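Structure, as structure tokens:
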Amino acid sequence: MSDAVAKPKAPLSHAVVAGDFVFVSGTTPFDANRELAPTFSEQMHQVMKNLRQILGECDSSLDKVVKANVILTDISRFNEMNEIYRGYFQEGKFPARTTIEAPLAIAGMMLEIEVVATR
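Residues 147 to 265 in the working numbering are what the sequence shown spells out, letter by letter.
This is how it looks when you write it as structure tokens:
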């Protein structure tokens, strides 16, 4: 459990290492103090920052992500999400990805991202 990322209230781990893989739970846009950014852009950057932190603590990185699942509460944000997401990965080496629209458990959250990475 990372101290630099908001602790989940649900019974789950930020990530689980299994062999050469890191399975990261759905990562939310809360900062370490459980503050939620007000805009979609800020939430997206916070999620990516949280993913980077969690992966780093598991001896991995965003460069080693092989699969991502993005959940948006409003699919009309797809293009905005894509532009921000693109900046966190090397061009031509994007992970496999699925993006869906679904409601999330906490009011105000606009997205959540889970990933699988290698170590």
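We put the CB at the ideal spot given by N, CA and C, even for glycine.
A quick note: this is a predicted structure, and the numbers were derived from the prediction, not measured.
Worksheet entry | According to DSSP, residues forming a beta bridge with Val261 | Val170 and Ala214
Item to complete: For the stretch 162 to 179 and the stretch 232 to 240, state whether three or more C-beta atom pairs, one from each stretch, are separated by less than 8 Å.
Response: no
Worksheet item: Per DSSP, Ala242 forms a beta bridge with which residues?
Response: Lys213
Practice prompt. Mark Ile246 as exposed unless 16 or more other C-beta atoms lie within 10 angstroms of its C-beta, in which case mark it buried.
Written response: Looking at its Cβ environment, which holds fewer than 16 other Cβ atoms inside 10 Å, Ile246 is exposed.
Worksheet item: For Val151 versus Asn215, is the C-beta spacing smaller than 8 Å?
Response: no
Worksheet item: What is the residue span of the alpha helix (DSSP H) that Val193 lies within?
Response: Phe186 to Glu203
Fill in: Environment of Leu303 [buried if 16+ CB atoms lie within 10 Å]
Only positions 147 to 265 of the chain appear in this structure, which leaves residue 303 out of reach.
Worksheet item: Expressed to the nearest angstrom, what Euclidean distance is found between the alpha-carbon atoms of His160 and Thr185?
Response: 23 Å
Practice prompt. Kindly indicate which residue of Met190, Lys210 and Phe169 has the alpha-carbon position closest to the one of Ile230.
Written response: Met190
Item to complete: Measure the alpha-carbon distance for Glu181 versus Ala164 and round it to whole angstroms.
Response: Looking at the two C-alpha atoms, the distance is approximately 30 Å.
Practice prompt. In the DSSP assignment, find the unbroken alpha helix (DSSP H) run with Glu226 in it and report its ends.
Written response: Phe224 to Arg232
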